[in-house]
Amino acid sequence: MSATLPLPDSAGQCSVDVFDCPVLLTENLVLRAPHVEDIDAITILANNPAVATMVARMPYPYGRSDAETFVRTSAKRENGNCVYAITEADSGRFLGCCALQCAEDGNATELGYWVGEPFWGQGIATQAVHALVGMAFRTRDIDHIDARVRVTNPASRRVLQKSGFQFQGTEMVPVLALRAAASMEWFRLDRKTWFSLISWSGEHRAPAA
1 MSATLPLPDS AGQCSVDVFD CPVLLTENLV LRAPHVEDID AITILANNPA
51 VATMVARMPY PYGRSDAETF VRTSAKRENG NCVYAITEAD SGRFLGCCAL
101 QCAEDGNATE LGYWVGEPFW GQGIATQAVH ALVGMAFRTR DIDHIDARVR
151 VTNPASRRVL QKSGFQFQGT EMVPVLALRA AASMEWFRLD RKTWFSLISW
201 SGEHRAPAA
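Per UniProt numbering, the very first residue in the sequence shown carries number 1; after that it's consecutive.
The structure is reproduced here in structure tokens:
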């Protein structure tokens, strides 16, 4: 299950300042910076065509050197980028990754994520997306967040739809693992919609027993 970090579009504005990337907590997850200790798990989970072909910039085959490079470069956290390891709160087990990235032309904030195949269908991506989107809108002066998914990835599409993202169109995006372009669906969540969703959720949350 994954959503790609694709080529930039021309709408919106993304600052290139360095942002804090705080540890994020959900009911079942801890989102934190990728560590050297994650390299083995990253290598195993990412070296899977079912994962690699669903994101734009992941090579396949995916080796340990790729994971080492990923961990090293994600630590830089520059140009508005925040890269997170998605980990299980109870055990610390690595489950996947998610990120906010400033597009190369500085014109959009983009969301991406992937979850290892053994952990699909457990709501992990949805929890991670909610946490990352909330952090972005609370800490950054942005109007919207974009995300793209392969048209052949209905599970990832549902994650975005459940998170309030709205379909914008379809486009061809280069996919490194395929060595070719693939059809992607482009989604967008604007600040007003996000605020309405969290306000409605708070007003309708059942009281604690």
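Cβ atoms here follow ideal geometry from the backbone N, Cα and C, with glycine treated the same way.
Where does residue i land, buried or exposed, given buried means 16+ other C-beta within 10 angstroms?
{"i": "Val23", "result": "exposed"}
{"i": "Asp27", "result": "Note that residue 27 is Glu in the sequence shown here, rather than Asp. Per the 10 Å Cβ criterion, exposed."}
{"i": "Glu203", "result": "For Glu203, the predicted model reports a pLDDT of 47, less than 50, meaning its position is unreliable and no value from the coordinates is stated."}
{"i": "Gly96", "result": "buried"}
{"i": "Ala3", "result": "buried"}
{"i": "Asp146", "result": "buried"}
{"i": "Gln101", "result": "buried"}
{"i": "Phe94", "result": "buried"}
{"i": "Asp90", "result": "exposed"}
{"i": "residue 259", "result": "Outside the displayed range of the chain (1 to 209) lies residue 259, so it cannot be described from this structure."}
{"i": "Ala85", "result": "buried"}
Give the DSSP bridge partners of residue i, in chain order.
{"i": "Phe195", "result": "In DSSP, Phe195 forms no bridge with anything."}
{"i": "Ala3", "result": "Tyr113"}
{"i": "Val30", "result": "Leu25, Thr87"}
{"i": "Asp190", "result": "His144"}
Residues in the same chain with beta-carbon distance under 7 Å from residue i, minus the five sequence neighbours each way, listed in chain order, please.
{"i": "Gln168", "result": "Trp186, Phe187, Arg188"}
{"i": "Asp40", "result": "none"}
{"i": "Trp194", "result": "Val133, Phe137, Gly164"}
{"i": "Leu197", "result": "Gly164"}
{"i": "Asp190", "result": "Asp143, His144"}
{"i": "Leu178", "result": "Thr53"}
{"i": "Thr87", "result": "Leu29, Val30, Arg32, Arg93, Phe94, Leu95"}
Grab me the residues of residue i's own chain with a C-beta within less than 8 Å of its C-beta, minus the 5 sequence neighbours each way, in chain order.
{"i": "His130", "result": "Thr26, Ser163"}
{"i": "Ala181", "result": "Met172, Val173, Pro174, Val175"}
{"i": "Thr170", "result": "Val151, Ser183, Met184, Glu185, Trp186"}
{"i": "Pro49", "result": "Tyr60, Ala177"}
Report all residues from its chain with a CB closer than 6 Å to the CB of residue i; omit the five preceding and five following residues, and keep chain order.
{"i": "Arg77", "result": "Cys21"}
{"i": "Val149", "result": "Ala3, Ser156, Arg157, Glu185"}
{"i": "Asp124", "result": "According to the sequence as given, residue 124 is Ile; it is not Asp. Within the same chain, Ile124 has close Cβ partners Leu95, Val115."}
{"i": "Cys82", "result": "Cys21, Leu100"}
{"i": "Leu45", "result": "Gly116"}
{"i": "Asn153", "result": "Met54"}
Can you give, in chain order, each stretch of the beta strand (DSSP E) that sits fully within the UniProt domain "N-acetyltransferase" (42-185) and has at least 3 residues?
82-88, 94-102, 109-115, 144-150, 166-175
Pairing CB atoms from the segment 32-41 with CB atoms from the segment 151-167, are three or more of them under 8 Å?
no
Is the number of C-beta pairs between the segment 106-119 and the segment 60-73 that are closer than 8 Å three or more?
Counting Cβ pairs under 8 Å, fewer than three are found: no touch.
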